[in-house]
Amino acid sequence: MSKYKDKIILPQMTFMGRHGVCPQEKEEKQAFIIDMKLYLDLATAAAEDDLNLTLDYGKIYLQVREIVENNSYNLLEHLAHQIIKLALSYPQVKKVKVRVEKPAAKAGNAEFRAQVALERERD
């Protein structure tokens with residue numbers, strides 16, 4: 294069980310991006326669904342009702358959107374890694390879990406869902 298009990302959860306953030314190894318994936322935008330859990334101490338923010346004592350999840354949302362929509366990576370793993378780097382750039386974040394889903398992944402004529410999940414803790 295995790296020693297970090299409090300978390301901010303940003304589920305099913307959906308953005309259009311150009312990620313994948315095929316040339317067509319670099320040209321045509323497709324949907325990517327991001328789930329994110331940020332583990333941090335929220336006790337003071339909860340007691341004081343002060344945005345300055347927590348993370349602004351609206352700001353995080355916009356930063357994740359920027360990563361997904363304004364970059365192009367070959368691998369879902371690398372996209373997830375970039376989102377984790379963003380999360381851990383906030384010193385109050387102790388641990389982060391990110392799941393990246395590509396709902397319209399393709400192999401030949403087949404279309405399927407593909408997901409990658411990464412989890413990292415601050416050293």
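Just so you know, we're using our numbering here: the sequence shown kicks off at 294 and counts up by one. C-beta atoms are modelled at their ideal positions from N, C-alpha and C, and glycine is treated no differently.
Just verifying my parser: in three-state terms, what is the DSSP assignment at residue i?
i	result
Val-389	strand
Tyr-332	strand
Thr-307	strand
Lys-322	coil
Report yes if the C-beta distance between residue i and residue j is below 8 Å; otherwise report no.
i	j	result
Leu-379	Val-361	no
Tyr-332	Val-386	yes
Ala-324	Met-309	yes
Lys-330	Lys-390	yes
Arg-311	Ser-365	yes
Could you tell me the alpha carbon to alpha carbon distance between residue i and residue j, rounded to whole angstroms?
i	j	result
Met-294	Gln-317	Unreliable positioning characterises Met-294 in this predicted model, as indicated by a pLDDT of 47, which lies under 50. The coordinate reading is nonetheless provided below. Rounded to the nearest angstrom, the two C-alpha atoms are 42 Å apart.
Arg-415	Ile-376	14 Å
Rounded to the nearest angstrom, how far is the Cβ of residue i from that of residue j, given a contact under 8 Å?
i	j	result
Ile-326	Val-357	With a Cβ gap of about 11 Å, Ile-326 and Val-357 do not count as contacting.
Output the boundary residues of the beta strand (DSSP E) element that contains residue i.
i	result
Arg-415	Counting along the chain, Arg-415 falls outside any beta strand (DSSP E), and DSSP gives it neither H nor E.
I need the boundaries of the alpha helix (DSSP H) containing residue i, first residue and last residue.
i	result
Val-361	350-362
Ala-372	A quick correction: the sequence has Leu, not Ala, at residue 372. Element bounds for Leu-372: 369-381.
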